[in-house]
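Taking our numbering, I'd label the letters of the sequence shown as residues 57 to 303. Before any comments, here is the structure.
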Amino acid sequence: MSTLFLPIDFDSVNYPEKLHLVARMAIKLGINRKVLLFVGKDLNEEELHYLMNCYDDLKEEAKRNRERNERRRLAGKLNQKVKKTARAYERLATIPLKEVFENMGKTLEIGYVRVSVKSKRYRCYHRKGVKCVKCGIEANYFAVERQVTQPTDKYHLNLYHLREDGKEVMMTVDHIIPKSRGGPDKVSNLQPMCSTCNGEKGNRTEEELENGVSHIEAQRRGEREKSEKSEKSEKSFLTPNTECDMV
Ligand SMILES: [Zn+2]
């Protein structure tokens, strides 16, 4: 009877539980099979057999647990990867509003990236402010970003409002008279609007939005207006239509 490594009293009538415990401790302490055989060399044949069985079973169980945890870890990593790529934009940096507006019409250098501040979108924010005309939330900063799904996409500036809960709301520009309704793509026809309100407004005019005209009805109206327009321009083909979309 050896108690050299494992101070357990084997002279108990409850030897199965005790041997099970010894096997568990042996695994916990990293004692290998050979050493455990040596430890139990004074046990009778039945006890030794039981001890070694327990040891083998527990070892097998520990191995299965390790494998399962490894699988879970890998699955978690994979999920993280998916979540990351699911983000629409890859961000390089954030820039204060002031810095962008001071460089209107120029090119900003952010590290090795050059971002031009010339588009109608920036001019609209500069001229008309960074507050959503609908809900009133105000942008806090620009972010230098490019679309993840399009590796050839150039870095550009996206405008964001930071909510109190730490979530961002992207700010967009809205066409006061929707493009689909013949509104020109000019700064005079643009206004700052958060993406939530813009999504809600869709292709409706302010008036239609207020009157509760549905998106589908607005689309139908747009199509009708377009066909009426083209009929008109066909009739008066000698005087070109100056109200076309592509001004
Ligand atoms: Zn809004």
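In this text, a Cβ means the ideal position worked out from N, Cα and C, and glycines have one as well.
- Straight-line measurement puts the Cα of TYR168 at about 26 Å from the Cα of HIS217.
- Relative to the Cα of GLU194, the nearest Cα in the group SER286, LYS97, GLY185 and ARG80 belongs to GLY185.
- GLU73: member of the alpha helix (DSSP H) spanning 71-84, first to last residue.
- DSSP places ASN267 in no alpha helix (DSSP H); its state is neither H nor E.
- At least one heavy atom of ligand 1 falls within 8 Å of the beta-carbon of GLY192.
- Contact check for HIS182 against PHE157 passes: the beta carbons are separated by less than 9 Å.
- When the Cα atoms are used, ASP209 and GLU201 turn out to be separated by approximately 9 Å.
- Taking a 10 Å sphere around the C-beta of THR163, we find fewer than 16 other C-beta atoms and assign the residue as exposed.
- Ranked by Cα distance from ARG179, the first of ARG120, LEU213, SER270 and ARG122 is LEU213.
- Taking C-beta atoms under 8 Å as the contact rule, ASN259 and GLY278 qualify, at a distance of about 6 Å.
- Taking a 10 Å sphere around the C-beta of GLU123, we find fewer than 16 other C-beta atoms and assign the residue as exposed.
- With respect to the C-alpha of GLU155, the residue from VAL173, GLU284, ALA144 and ASN245 having the closest C-alpha is VAL173.
- Beta-bridge partners assigned by DSSP to THR261: none are found.
- Relative to ligand 1, THR252 has its C-beta within less than 8 Å of a heavy atom.
- When the beta-carbon positions are compared, ARG147 and CYS110 stay at least 9 Å from each other.
- The Cβ atoms of ILE232 and GLU264 do not sit closer than 9 Å to each other.
- Here DSSP, grouped into helix, strand and coil, assigns THR252 to helix.
- A residue is called buried once 16 or more other Cβ atoms fall within 10 Å of its Cβ, and PRO152, having fewer, is exposed.
- The C-beta of THR228 has 16 or more other C-beta atoms within 10 Å across all chains shown, which makes the residue buried.
- Within the chosen limit of 8 Å, ligand 1 reaches the beta carbon of MET249 through at least one heavy atom.
- Remark: the shortest separation between the CB of CYS180 and any heavy atom of ligand 1 does not fall under 8 Å.
- Counting the other CB atoms within 10 Å of its CB gives GLN247 a total of 16 or more, which places it among the buried residues.
- By the criterion of a C-beta distance shorter than 7 Å, CYS191 is surrounded in its chain by CYS250 and CYS253, once the five residues flanking it on both sides are discounted.
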